[in-house]
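If you're matching them up, the sequences are chains D and H in order. Under our numbering, think of the first position of the first sequence as 334, with each following residue one higher. Under our numbering, think of the first position of the second sequence as 103, with each following residue one higher. Ideal placement from N, C-alpha and C gives every residue a C-beta, glycine not left out. Since we're looking at a predicted model, the values are computed, not measured.
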Amino acid sequence: MTTRPLMIGAVAYTPNVVPIWEGIRDYFVDGPAQMDFVLYSNYGRQVEALLDGYIDIAWNTNLAWVRTVLRTDGACRALAMRDTDLTFSTVFVTRPGSGLRDITDLKGRRLALGSRDSAQAAILPVHFLREAGLGESDVELLRIDTDLGKHGDTGRSELDAIRAVLDDRADAAALGITTWEAIGRDELMPGALEQFWQSPTYCHCNFTALDTLPAERTDPWVEHLLAMDWDNPDHRRILELEGLRRWKRPDLAGYASLFEAVKQQEIAARW
Amino acid sequence: MVSTVVLDLVERIGAVSVGTIVEVPLQPGEADTVAAWCARSGNELVSATEDRAVVRRGRPATEAFFYDVPPEQRPGARLWLYTNFDCNLACDCCCARSSPKAPRRAIGVDRICRLVAEAADAGVREVFLTGGEPFLLPDLDVVVHTCVDRLPTTLLTNGMLFRGTRLAMLRRMPRDGFTLQISLDSATADMHDRHRGAGTWQRAIDGIGIARAEGFRVRVAATVAPHEANTDAQAAFHQKLDGMGIRREDQVVRPVAQRGFATDGLALTVDTLLPEVTVTADGIYWHPVGADHDDQLVTHELFPLRTAIDEVQRRFTEYRLTAAVGAQRFPCA
Chain D
334 MTTRPLMIGA
344 VAYTPNVVPI
354 WEGIRDYFVD
364 GPAQMDFVLY
374 SNYGRQVEAL
384 LDGYIDIAWN
394 TNLAWVRTVL
404 RTDGACRALA
414 MRDTDLTFST
424 VFVTRPGSGL
434 RDITDLKGRR
444 LALGSRDSAQ
454 AAILPVHFLR
464 EAGLGESDVE
474 LLRIDTDLGK
484 HGDTGRSELD
494 AIRAVLDDRA
504 DAAALGITTW
514 EAIGRDELMP
524 GALEQFWQSP
534 TYCHCNFTAL
544 DTLPAERTDP
554 WVEHLLAMDW
564 DNPDHRRILE
574 LEGLRRWKRP
584 DLAGYASLFE
594 AVKQQEIAAR
604 W
Chain H
103 MVSTVVLDLV
113 ERIGAVSVGT
123 IVEVPLQPGE
133 ADTVAAWCAR
143 SGNELVSATE
153 DRAVVRRGRP
163 ATEAFFYDVP
173 PEQRPGARLW
183 LYTNFDCNLA
193 CDCCCARSSP
203 KAPRRAIGVD
213 RICRLVAEAA
223 DAGVREVFLT
233 GGEPFLLPDL
243 DVVVHTCVDR
253 LPTTLLTNGM
263 LFRGTRLAML
273 RRMPRDGFTL
283 QISLDSATAD
293 MHDRHRGAGT
303 WQRAIDGIGI
313 ARAEGFRVRV
323 AATVAPHEAN
333 TDAQAAFHQK
343 LDGMGIRRED
353 QVVRPVAQRG
363 FATDGLALTV
373 DTLLPEVTVT
383 ADGIYWHPVG
393 ADHDDQLVTH
403 ELFPLRTAID
413 EVQRRFTEYR
423 LTAAVGAQRF
433 PCA
């Protein structure tokens, strides 16, 4: 009997997801576990599809993972993530000369945040402020919700947060480390921006499956995924597009700060 | 005022798929920033003027530019060697300006041996030996064996010298992995002789017969001027060759290139020619029709051959990239 291909869900936050997922699907054609993919317009729809059984595995952001855990009472598992997902972090940037040198210096200042469903640019920054003893009344938050639904994947709201700083509508901006890297840190815009604080690392995306999907279906798929090789030009093309060098097994401890943030900020498990 | 061109780049490139072109407006002094960002982010700066930069997302695989070219014709798949430039004929259509008065300028067996070995290592699939008339070389059989030992080889000749010691030399050549390509322009003598000299058509016909009788695979190639091309002549040509037992896949008709002695014919430039790496004693050229022409010179350095092949592939990709950018920038509807 032929086994049905595993159906993977992903969110179409850029046209590039098509070549990425076609490349991954093609990589699995000759492997032990074939797959196909479905693209969703937002993570809410994707998680619902996972819970309803329309897809077997979801390529989830960290917030989508947290919500899946909350919705299933933990009856789900993370299968794999990118090496870059293991060491994600948030940076706070400001104009040189702003007087900001540490997160606590934000008391009484204006902080631009990305879309409110972005873990790296909104939810966790507020969490880190609280950990530093700053409540929402201590810092004026400028929320820029320009890519809602995509959990900050587009980077658009973070770029807008930077523009708010440059336009003096905010004193600082919270960015995911990937956006900070994408603009060349402080090297390509000399004199424009500087980082004054960086968060502890946390985990970002992972492949999420429900516990109802048997391990004999997921194990061969994960093993084949982990075998993608940066030194193989065909694999490397896909890995570069998706922003990693190696697929890794997940580190669930890296989600602790986000679980805590979601609870503290009373972010709903449903959309 | 703070430059925000990097923010524009990240936003616009992030919104398109790999291979797509985006344009960003530039303020004075921002071109270097764009170049630095492209180098750092793995995107390609296609061009930058005073007020605008054109950037392609990612660096598409070279394969993407060759999708419409069969593998056996892709740049680097074929290697042409001009064994010599002197010739027993002085055809008015010769792109290499060969004649009895032309200096020999032979590559020589030793260099050919090294070239073919490096070619095989560099992924070349097939070797073509041409000239001049290669059968003027006394050691041509050694040259042919050297090539055939490494790669399938085709030898271009006018087929008129298969007598005496040269016939003996022909007989020493291998039959497997080796093809003789003999020039014959028409089904009757008039057109062929008009361009190549009186009596040459009959001697070419005789040469084809000798080569076939000796057990060689023979391909026949016609070179036709634009004003002489017509379907009746072409049909008669194929009928003649059919009658001689030449397979249809071994019957080739090519237009005259406006090169060398030819004042009429197709105008060919490096950006309109699919390159076929061509070696002469003096350098490496873009294509065999442009050997001995400076506009098609790639390098004077014959070794290492892979360097020249890489350069030809790089330039070809660049031409295709430029064409693709033009196509994206100027949609007609």
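With at least 16 other beta carbons inside 10 angstroms of its own, H/F280 counts as buried. With respect to H/A222, H/R252 sits close: the two C-beta atoms are nearer than 7 Å. Taking C-beta atoms under 8 Å as the contact rule, D/I495 and D/A505 fail to qualify, at a distance of about 10 Å. Taking 7 Å as the CB threshold, D/A525 lines the interface with chain H. For the pair D/Y535 and D/F421, the CB atoms are nearer than the 7 Å cut-off. Look at the region 127 to 139 of chain H: the residues with a C-beta under 7 Å from a C-beta of chain D are T135, A138 and W139. For D/G364, no beta strand (DSSP E) run applies, since DSSP gives it neither H nor E.
Less than 7 Å divides the Cβ of D/Q453 from the Cβ of D/G509. H/A270 is not a Cβ neighbour of H/F339, given a cutoff of 7 Å. For the region 471 to 499 of chain D, the residues whose beta carbon sits under 8 Å from a beta carbon of chain H are, in order, T487, G488, R489, L492, I495, R496 and L499.
Using a CB distance below 8 Å, the part of the region 339 to 363 of chain D facing chain H consists of T347, P348, N349, V351 and P352, ordered along the chain.
Listed by position along chain D, the residues whose Cβ is nearer than 9 Å to that of H/V414 form an empty set, because the closest Cβ is around 21 Å away.
Interface residue (Cβ-Cβ distance to chain H less than 7 Å): D/A507 is not classified as such. Take the alpha-carbon of H/A198 and the one of H/G121: they are about 40 Å apart. Note that the C-beta distance between D/P348 and H/S119 is below 7 Å. In the structure shown, the three-state DSSP call for D/Q453 is helix. Within chain H, the residues placing a beta-carbon under 8 Å from that of D/L574 are V120 and G160, ordered along the chain. If you draw a straight line from the Cα of H/P172 to the Cα of D/G364, it comes to about 28 Å. For D/A343, the pairing in a beta bridge is given by DSSP as D/L372.
With a contact defined as Cβ atoms closer than 8 Å, D/R415 and D/G576 qualify at about 7 Å. Nearest Cα to D/N375 within the set D/K483, D/L558, D/R489 and D/W513: D/K483. Taking the CA atoms as reference points, H/P130 sits about 10 Å from H/T151. The beta carbons of H/V108 and D/L462 sit about 27 Å from each other, so the pair does not count as a contact at 8 Å.
Each residue's CA atom was taken as its position, placing D/M561 and D/V362 some 13 Å apart.
Taken in chain order, the complete beta strand (DSSP E) segments of 3 or more residues contained in the region 482 to 553 of chain D are 505 to 509, 527 to 531 and 539 to 543. DSSP places H/A323 in the uninterrupted beta strand (DSSP E) bounded by R319 to V326. For D/L446, the nearest beta carbon of chain H is not closer than 7 Å to its own beta carbon. At a cut-off of 7 Å between beta-carbon atoms, D/L521 makes contact with chain H. Burial state of D/P533 is exposed, judged by a 10 Å Cβ sphere holding fewer than 16 other Cβ atoms.
Less than 7 Å divides the Cβ of D/A382 from the Cβ of D/G342. Fewer than three Cβ pairs drawn from the region 209 to 217 of chain H and the region 256 to 263 of chain H lie within less than 8 Å of each other, which leaves the two stretches out of contact.
According to the DSSP assignment, D/R428 belongs to no alpha helix (DSSP H), since it is labelled neither H nor E. Interface residue (Cβ-Cβ distance to chain D less than 7 Å): H/G178 is not classified as such. Residue-level contact check: H/L109 touches chain D, since one or more beta carbons of chain D fall below 7 Å from its beta carbon.
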